[in-house]
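Have a look at the structure below before the remarks.
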Amino acid sequence: MRSSDDLPGNPWPHDMQVSVEECWPPLIYLLFVRSAWRLDIDAVPRLDSEPDPGSSHRPENLDVDAARGRWLSEWKRAWTHFDPPILRVSTPDEMTQHLLDTLTDDELWKATSTWPSDFWGSGIDPDACERWRSSMAAPLGDLPENRVIPALAEAWRAGLSTVIQLPYLGSFALRINREHLVVSPTTRNDPDLYGRALES
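The opening residue of the sequence shown carries number 1 in UniProt numbering; numbering runs sequentially from there.
Written out as structure tokens, the structure reads:
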């Protein structure tokens with residue numbers, strides 16, 4: 001989001017740019033998997049409502065404990081997309097150099113990508129997942145950020161560049177680093193809650 005007008009009285013700083021990720025696909029996909037496969041993973045907040053799984057189904061003979069572990073590992077890896085960039089060039093560590101020396105480009109992408117692995121594909125209805133993801137976007141012109149511009153501007157001046165909305169239940173806000181704030185729809189759509197989250 002960025003103001004297109006440099007008019008007197010416009011509360012949006014002309015040079016302020018803040019992105020909003022309402023439904024970042026890797027995270028939404030993994031949340032859909034957790035729901036569709038009924039994986040009890042309490043380390044991640046509950047959803048405000050469970051998605052329609054469509055034709056998704058938990059594969060027969062699934063090792064549920066192993067699937068939970070794999071899900072948590074891929075969830076953690078997906079979040080690395082939002083890690084602050086490393087501004088210095090360094091020599092690859094031993095493990096990274098080994099990957100560079102031994103893997104094809106396709107294998108290297110799979111090993112380092114923040115996208116969920118193919119492991120989940122056999123039991124997930126991609127159309128149902130996409131319908132759920134598409135339902136999360138706020139209507140154009142009705143962005144909650146327009147109701148909290150002063151707090152958003154202060155957060156931007158303090159380094160905020162991206163707000164990440166996830167369909168968590170109830171009020172939720174977590175500043176995961178200087179640049180990124182995670183909020184639930186309840187928080188983002190309530191100016192008081194959103195303002196306090198931006199000030200945190």
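Yeah, the Cβ is synthetic: ideal placement off N, Cα and C, and Gly gets one too. Quick caveat: nothing in here was measured; it's all calculated off a predicted structure.
A straight line joining the alpha-carbon of Asp40 with that of Ser171 spans about 21 angstroms. Here Tyr168 has Pro45, Ser184 as same chain residues with Cβ atoms under 6 angstroms from its own Cβ, once five neighbours each way along the sequence are excluded. Distance between Pro26 and Thr114, taken at the CA atoms: about 7 angstroms.
Here Thr91 is not bridged, per DSSP, to any residue.
Here the alpha carbons of Asp83 and Ile28 stand approximately 18 angstroms from one another. According to the DSSP assignment, Ser134 belongs to the alpha helix (DSSP H) that extends over 126-134.
Taking a 10 Å sphere around the C-beta of Arg133, we find 16 or more other C-beta atoms and assign the residue as buried. The Cβ atoms of Ala128 and Asp52 lie closer than 9 angstroms to each other.
Beta-bridge analysis with DSSP links Ala173 to Val183. Short of 8 angstroms from the beta carbon of Trp71, and not among the five residues preceding or following it, lie these beta carbons of its own chain, in chain order: Leu30, Val33, Arg34, Leu39, Ile41.
At a Cβ-Cβ threshold of 9 angstroms, Ala151 and Arg178 do not count as neighbours. In this structure, the straight-line span from the alpha carbon of Ala66 to that of Asn189 is close to 37 angstroms.
Taking Trp75 as the centre and dropping the five residues before and after it, the same chain places the C-beta of Leu30 closer than 6 angstroms to its C-beta, in chain order. Between Gly195 and Pro59, the alpha-carbon positions lie close to 43 angstroms from each other.
Your pair Val163 and Leu143 does not check out as a contact, with CB atoms roughly 10 angstroms apart and the cut at 8 angstroms. Closest by C-alpha distance to Leu166, out of Ser117, Asp63, Val20, Met16, is Val20. By alpha-carbon distance to Met16, the top candidate from Ala153, Ala173, Thr187 is Ala153. DSSP places Thr80 in the helix class (H, G or I) of the three-state scheme. Under the criterion of beta carbons closer than 8 angstroms, Ala173 and Ala197 qualify as touching, at roughly 3 angstroms.
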